[in-house]
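Visitor: Residue numbers (the working numbering), protein chains in the order written: chain E, 8 to 120; chain V, 11 to 408.
Cβ atoms here follow ideal geometry from the backbone N, Cα and C, with glycine treated the same way.
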């Protein structure tokens, strides 16, 4: 099993969810995060207080998936999140040791979907 | 009506300041501003009003004949608002007395103990505000006798609070994380606060006419024009000098204009009001963006940089633009006759600024000896809301 973490631009979330749904991938966790990559962030100015190179708003999408469906997830995220400009984001793939459904106690791939 | 408008300005001020601090300290700002209303209000009816507006003793103080509102009834006081009940004049003035110490909160936000604040507020009201109000506004007050003109509180409110704020910044010292003090945590609240202040200011200046009619109209108009021109000045300075117009800049210019026109609103023509606001916006811009950074004192929310500087300018501006053609109870300033009024205003500024600064400096030292001024380093890091009040304004989970 794999655990996919994708950092994307906030305004691409709807497209990403749509693309994942088209692939019948419906389980995900979404959170708001702050981050920066090569985009160094903008300097914010509040009267005499300057905040240089601030962190930018991003969205994190997390999906747990079977090994054989990994590239469906990655391709769907890229389809939804791509704009061609710096700041589109990154996808990280982790090995997932175990997955347990809280309600039934099922484990492994049966608990994934 | 006006009293209610001015009262609204203290919660407005609380929101303005609250949005500017870090989220862990917003409630402490509210507590300080709103408790100031309550305890200074209590002090006002017990003896503060009497000290300020009681029958004069030696040009310096009002004595205690009105203590506990003795002799303050529904019948008008012929010297103070002859067309309204004396009780109303008392409560209108109360709103000024309570918001002034709340202004000083801006200087020591995020690091003062609540107990220290309460003690300071009551002592300050008694020793700084009440005498100053007496000197400038009471029949027999020596600055009033000398001819100083302060329509709604440039001296009594803005200079006193501003200079006290400077004393506070120096005695209390910088925040420990200075200069990493964080951006405003919620500018939207600052906008809301500024809107309430703007609205309430019509009561602050307009109501100071103590009647409804021509004079209050003049004050109302001047208030609005100075707000607008102050905002425009700061926004354009931001735009040209710092590359971007900012919301906080707009609000700061707005407040600077409003503060500056406060002493002048009932004495000058509308065009003068426009000019006063614009200059205030520019002066305060430099005071905050250039002078404060260079001198390195931590006046957290620019109470001195905006109220002190704008108030001083406004009081002096009365000496330039006052004209009896709009208010026969005023006088003529430099542009309408000679320099005498300007000199009088200058003296009034000097007396009030020095008095406020020195007394506040001493009071802060005293309060430090009695209860200690600052929270501990750990408490400052965790935040005053949790450590002083065991509350959180924004519960993040559930």
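Within the same chain, show all residues whose beta-carbon is closer than 6 Å to that of residue 195/V, passing over the 5 residues directly before and after it, in chain order.
Guide: Here residue 195/V refers to the residue found at position 185 of the second chain. Cβ within range, chain order: 32 and 33.
Visitor: Using the Cα positions of residue 113/E and residue 128/V, report the straight-line distance between them to the nearest angstrom.
Guide: Locating residue 113/E in the first chain gives position 106, where the first residue counts as 1. Locating residue 128/V in the second chain gives position 118, where the first residue counts as 1. Cα to Cα, residue 113/E sits roughly 60 Å from residue 128/V.
Visitor: Using the beta-carbon of each residue, which ones in chain V are nearer than 7 Å to residue 55/E?
Guide: Mapped onto the first chain, residue 55/E falls at position 48. Correct list: 298, 299, 302 and 303.
Visitor: Can you list, in chain order, the residues of its chain with a C-beta nearer than 7 Å to that of residue 72/V? Leave out the 5 residues immediately preceding and following it.
Guide: Position 62 of the second chain, counted from the first residue, corresponds to residue 72/V. Excluding sequence neighbours, residue 72/V sits near 60, 61, 62, 63, 64, 65, 66, 144 and 148.
Visitor: Given a cut-off of 7 Å, decide if residue 240/V and residue 248/V are closer than it, judged by their beta-carbon atoms.
Guide: The residue labelled residue 248/V in the question sits at position 238 within the second chain. The residue labelled residue 240/V in the question sits at position 230 within the second chain. Not in contact: residue 248/V and residue 240/V (Cβ atoms no closer than 7 Å).
Visitor: Can you list the residues of chain E that residue 256/V reaches, using a CB-CB cut of under 7 Å?
Guide: Within the second chain, the letter at position 246 stands for residue 256/V. Near residue 256/V (Cβ distances below 7 Å), the residues of chain E are 52.
Visitor: Taking Cβ-Cβ distances below 7 Å as the criterion, which residues of the segment 194-228 of chain V are in contact with chain E?
Guide: Of all residues in the segment 194-228 of chain V, 194 have a Cβ within less than 7 Å of some Cβ in chain E.
Visitor: Considering only residues of the segment 83-170 of chain V, which uninterrupted alpha helix (DSSP H) runs meet the minimum length of 4 residues and lie entirely inside it, listed in chain order?
Guide: Within the segment 83-170 of chain V, the complete alpha helix (DSSP H) runs of at least 4 residues are 96-118, 124-134, 140-147 and 152-156.
Visitor: Would you verify that the beta carbon of residue 58/E is, or is not, closer than 7 Å to some beta carbon of chain V?
Guide: Residue mapping note: residue 58/E aligns to position 51 of the first chain, counting from 1. Closer than 7 Å to some Cβ of chain V, the Cβ of residue 58/E qualifies, so yes.
Visitor: Spatial neighbours of residue 48/E within its chain, please: C-beta separation below 7 Å, excluding the five flanking residues on both sides.
Guide: The residue given as residue 48/E occupies position 41 in the first chain. Excluding residues within five positions, the ones whose Cβ falls inside 7 Å are 60, 61, 62 and 63.
Visitor: Would you mind stating whether residue 287/V and residue 19/V have Cβ atoms separated by less than 7 Å?
Guide: The count along the second chain starts at 1 and reaches residue 287/V at position 277. The count along the second chain starts at 1 and reaches residue 19/V at position 9. No. Outside cutoff.
Visitor: Does DSSP put residue 176/V in a helix, in a strand, or in coil?
Guide: Here residue 176/V corresponds to residue number 166 of the second chain, with the count starting at 1. Here residue 176/V sits in helix by DSSP.
Visitor: As a quick exercise: from 177/V, 207/V, 214/V and 75/V, pick the residue whose alpha carbon is nearest that of residue 102/V.
Guide: Residue 102/V sits at position 92 when you count from the first residue of the second chain. Among 177/V, 207/V, 214/V and 75/V, the Cα nearest to that of residue 102/V is on 214/V.
Visitor: Secondary structure at residue 291/V, three-state DSSP: helix, strand or coil?
Guide: In the second chain, residue 291/V corresponds to position 281, counting from 1. Three-state DSSP puts residue 291/V in a helix.
Visitor: Can you give me the Cβ contacts of residue 89/V inside the same chain, cut-off strictly under 6 Å, excluding the 5 residues immediately before and after it?
Guide: Indexing the second chain from 1 puts residue 89/V at position 79. So the qualifying residues of the chain are 149.
Visitor: Assuming residue 365/V is part of the beta strand (DSSP E), what are its boundary residues?
Guide: The sequence position of residue 365/V within the second chain is 355, counting from 1. Counting along the chain, residue 365/V falls outside any beta strand (DSSP E), though it belongs to the alpha helix (DSSP H) covering 350-380.
Visitor: To the nearest angstrom, how far is it from the Cα of residue 344/V to the Cα of residue 270/V?
Guide: Along the second chain, read from residue 1 onward, the residue named residue 344/V stands at position 334. Along the second chain, read from residue 1 onward, the residue named residue 270/V stands at position 260. Near 18 Å, if we compare the C-alpha coordinates of residue 270/V and residue 344/V.
Visitor: Name the chain A residues that come within less than 9 Å of residue 405/V, Cβ to Cβ?
Guide: Although the question refers to chain A, the structure presented lacks it and instead comprises the protein chains E and V.
Visitor: Can residue 342/V and residue 276/V be called in contact, C-beta distance under 7 Å?
Guide: Here residue 342/V corresponds to residue number 332 of the second chain, with the count starting at 1. Here residue 276/V corresponds to residue number 266 of the second chain, with the count starting at 1. Contact flag unset, no.
Visitor: By alpha-carbon positions, which one of 118/V, 386/V, 96/V and 170/V ends up nearest to residue 138/V?
Guide: If you number the second chain from 1, residue 138/V lands on position 128. For residue 138/V, the nearest C-alpha among the options comes from 170/V.
Visitor: Can you grab the Cα-Cα spacing for the pair residue 263/V / residue 296/V, in whole Å?
Guide: Translated into positions along the second chain, residue 263/V becomes position 253. Translated into positions along the second chain, residue 296/V becomes position 286. Residue 263/V and residue 296/V: Cα-Cα distance of roughly 11 Å.
Visitor: Would residue 216/V and residue 325/V qualify as a contact pair, given that the criterion is a beta-carbon distance under 7 Å?
Guide: Taking the first residue of the second chain as 1, we reach residue 216/V at position 206. Taking the first residue of the second chain as 1, we reach residue 325/V at position 315. No; because the gap between Cβ atoms is not below 7 Å, this pair is not in contact.
Visitor: Under 8 Å, with one C-beta from each stretch per pair, do the segment 51-60 of chain E and the segment 8-28 of chain E reach the 3-pair mark?
Guide: Output reads no: the segment 8-28 of chain E does not touch the segment 51-60 of chain E.
Visitor: Go ahead and pull the three-state DSSP assignment for residue 113/E.
Guide: Taking the first residue of the first chain as position 1, residue 113/E is located at position 106. If DSSP states are grouped into helix, strand and coil, residue 113/E belongs with coil.
Visitor: Within a Cβ cutoff of 6 Å, which residues of the same chain sit near residue 152/V, ignoring the five residues on either side of it in sequence?
Guide: The residue given as residue 152/V occupies position 142 in the second chain. 69 and 145.
Visitor: If you measure between the beta carbons of residue 176/V and residue 28/V, is that distance less than 7 Å?
Guide: Within the second chain, residue 176/V is the residue found at index 166, counting from 1. Within the second chain, residue 28/V is the residue found at index 18, counting from 1. No, Cβ-Cβ distance for residue 176/V and residue 28/V is not below 7 Å.
Visitor: Taking the straight line between their C-alpha atoms, what separation do you get for residue 333/V and residue 76/V?
Guide: Residue mapping note: residue 333/V aligns to position 323 of the second chain, counting from 1. Residue mapping note: residue 76/V aligns to position 66 of the second chain, counting from 1. Between residue 333/V and residue 76/V, the C-alpha separation is close to 34 Å.
Visitor: Skipping 5 residues on each side, what residues in its chain have a beta carbon closer than 6 Å to that of residue 366/V?
Guide: Walking along the second chain from the start, residue 366/V turns up at place 356. 138, 170, 173 and 174.
Visitor: Which residues of chain E have a Cβ atom closer than 9 Å to the Cβ of residue 312/V, listed in chain order?
Guide: Walking along the second chain from the start, residue 312/V turns up at place 302. Within 9 Å Cβ-Cβ: 54 and 55.
Visitor: How far does the alpha helix (DSSP H) with residue 10/E in it extend, from its first residue to its last?
Guide: As a working note, residue 10/E is residue 3 in the first chain. Counting along the chain, residue 10/E falls outside any alpha helix (DSSP H), though it belongs to the beta strand (DSSP E) covering 9-15.
Visitor: In whole angstroms, what is the alpha-carbon distance linking residue 76/E and residue 69/E?
Guide: For the purposes of this step, residue 76/E is taken as the residue at position 69 of the first chain. For the purposes of this step, residue 69/E is taken as the residue at position 62 of the first chain. If you take the alpha carbons of residue 76/E and residue 69/E, they lie about 14 Å apart.
Visitor: Threshold first: 4 residues or longer. Then list the alpha helix (DSSP H) segments lying entirely within the segment 184-239 of chain V, N to C.
Guide: Listed in chain order, they are 197-211.
Visitor: Please list the terminal residues of the continuous alpha helix (DSSP H) segment that includes residue 392/V.
Guide: Within the second chain, numbered from 1, the residue matching residue 392/V stands at position 382. Start and end: 387-392.
Visitor: Classify residue 302/V as buried or exposed, calling it buried when 16 or more other Cβ atoms lie within 10 Å of its own Cβ.
Guide: Numbered from 1 along the second chain, position 292 holds the residue referred to as residue 302/V. Flag for residue 302/V reads buried.
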